[in-house]
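Chemist: What follows is a single structure, and I will ask about it in a moment.
As structure tokens, then:
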């Protein structure tokens, strides 16, 4: 689990350090579909994933490091244990 803090030690939520959540969701979804080899028009459930209402959602685990967003889905969060965890790394510049 990623925990992000400000300079005063206050725990930050993703919304506190991501200025454009909608854009991050779009970029992350494109990255996810490409990395998982999903075909055009293929649903998440057809590909073996379990997103709510079969729609891509960002994980609760989002970290930041060196101008990157690190998105981490734990086993069982979106797929069976056998598929393991999923981690996406998105450059902050892609989300501006």
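Residue numbers (the working numbering): 2 to 97. No residue lacks a Cβ here, since even glycine has one placed at the ideal position from N, Cα and C.
1. Between the beta-carbon of residue 88 and the beta-carbon of residue 71, is there less than 8 Å?
2. Helix or strand or just coil, what does DSSP make of residue 37?
3. Going by DSSP, what residue range makes up the beta strand (DSSP E) through residue 15?
4. Between residue 17 and residue 40, what straight-line distance do the alpha-carbon atoms span, to the nearest angstrom?
5. Is it buried or exposed for residue 50, if we count other Cβ within 10 angstroms and need 16 for buried?
Modeler: Reading off the structure:
1. Your numbering for residue 88 matches position 87 in the chain shown. Your numbering for residue 71 matches position 70 in the chain shown. A contact, by the Cβ cut-off of 8 Å.
2. On the chain shown, residue 37 is found 36 positions in, with the first residue counted as 1. Shown here, residue 37 sits in coil according to DSSP, grouped into three states, outside any helix or strand.
3. Taking the first residue of the chain shown as 1, we reach residue 15 at position 14. Secondary structure note for residue 15: it is in no beta strand (DSSP E), and the uninterrupted alpha helix (DSSP H) holding it is 15-18.
4. Locating residue 17 in the chain shown gives position 16, where the first residue counts as 1. Locating residue 40 in the chain shown gives position 39, where the first residue counts as 1. So the alpha carbons of these two residues sit roughly 34 Å apart.
5. Start at 1 with the first residue of the chain shown, and residue 50 comes out as number 49. Buried, since its Cβ has 16 or more Cβ neighbours within 10 Å.
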